[in-house]
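Protein chains in written order, with this note's numbering: chain A, 2 to 166; chain B, 2 to 166. First comes the structure, then the notes that go with it.
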DNA sequence: GGCCATTTAGTTGTGCACAACTTAATTGTG
DNA sequence: CACAATTAAGTTGTGCACAACTAAATGGCC
């Protein structure tokens, strides 16, 4: 097959180039995402949190109590993901959920004492993650920017795609 | 930006810097990964494949029939993920699984006629994905390299972590 | 040759992501 | 006011990732 190493005798078609490059980028992003997840899994084990649960706690620590809707916007997650996740956080005693009095459709997510206190123990997490990446702050920052641009482009592409069909 | 806006009255501690930066990188990678997944979901819908199933088919198209073990090494997936996935691909008539005669522990995964034929219809996928990223080939290539380095560092960190405890 | 460690798939259970749907509350419009 | 459209959570079902385990085959070693 005309892959792996292109012998000089055979010119690689553009289609082949696309296929190879694409495979690499999708493999790479997938692998990086899962590797990141693995590091978080190890580091967060002591806290009894999963990676997505940690993201939710980060938002609550940073921005304070808020309705499920806002959490979902911040994390780009819908209620189908957040509802059971929050139920587990509540079972762990880290958050409390209560219907809003003003708008009974909305559910307010509040940190419990334990949930707020966990922030102290989570303080070392970022440093350990950053150390695991082996990157300095500038590298991390640059990568973050690139990923955000990529996400923006991909979201726009999805919007265009779904709009036209 | 110096991270959102720290009111001038409060000096940000180093711990805060780490926390904010980390939050950004973990948010960004998570979001990018899910956005990528979303684009693949749309593009692969016509083929009746999920993104992980597509990755498996890519490997089979590229490297030919092979045992589950090899597929797992290539994709960094274990049998707990691959077994049910391959069962679904078999149910869809794209692959066939058979115990190896030489080594009865091993299961050989083979493309069916339909599975091999699907490659033609998948030919346009990479171009559509690349278009959605809005990146040129050099950008994609650079990002891929960076992600691969990151994955390597993270894997090494996990290995070190699990070895010392 | 017999036995034990290793290897390969598969199974089970937990948790996340997402689509499609339901329920209930609110909002907008005639 | 009445009623349709919208909004917020939740539920259900499918599929993936991974840990922990089981089952069966293989290989090494005495």
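Ideal Cβ positions, reconstructed from N, Cα and C, are used throughout, including at glycine.
Pairwise C-beta distances place the stretch 65-72 of chain B out of contact with the stretch 44-54 of chain B, as fewer than three of them are shorter than 8 Å. Annotation: the continuous beta strand (DSSP E) that includes residue 111 (chain A) extends over 108-112. Taking C-beta atoms as the reference points, residue 43 (chain B) and residue 162 (chain A) count as a pair closer than 7 Å. Runs of alpha helix (DSSP H) with 4 or more residues, each lying fully within the stretch 69-144 of chain A, are found at 69-76, 80-92, 114-123, 126-134, listed in chain order.
Following the DSSP letters along the chain, one finds residue 59 (chain B) inside the alpha helix (DSSP H) bounded by residues 52-64. Taking C-beta separations shorter than 7 Å and ignoring five residues to either side along the sequence, the partners of residue 60 (chain A) in its chain run 72, 75, 76, following chain order. Residue 83 (chain A) and residue 153 (chain B) have their C-alpha atoms spaced approximately 31 Å apart. Of all C-beta pairs linking the stretch 134-152 of chain A to the stretch 25-35 of chain B, three or more are shorter than 8 Å, placing the two stretches in contact. CA-to-CA, the gap between residue 124 (chain A) and residue 45 (chain A) works out to about 11 Å. A straight-line Cα-Cα distance of about 21 Å links residue 117 (chain A) and residue 25 (chain B). At the C-beta level, residue 132 (chain A) and residue 155 (chain B) stay beyond 7 Å of one another. If you ignore the 5 residues before and after residue 139 (chain B), its C-beta comes within less than 7 Å of no other C-beta in its own chain. Interface flag for residue 162 (chain B) against chain A is set, since a Cβ pair is found closer than 7 Å. About 28 Å separates the CB atoms of residue 112 (chain A) and residue 33 (chain B); that is not less than 8 Å, and the two are not in contact.
Not flagged as an interface residue toward chain B: residue 113 (chain A), since no C-beta distance is shorter than 7 Å. Straight through space, the alpha carbons of residue 40 (chain A) and residue 104 (chain A) are spaced by roughly 40 Å. Close CB contacts of residue 107 (chain B) within its chain, under the 8 Å cut and outside five residues either way in sequence, are with 68, 69, 70, 100, 101 (chain order). The beta carbon of residue 48 (chain B) lies closer than 8 Å to those of 55, 119, 122, 123, 126 in the same chain, with the five residues before and after it left out. Flagged as an interface residue toward chain A: residue 29 (chain B), by a C-beta distance shorter than 7 Å. Closest option to residue 115 (chain B), judged by alpha-carbon separation, among B:62, B:86, B:80: B:62.
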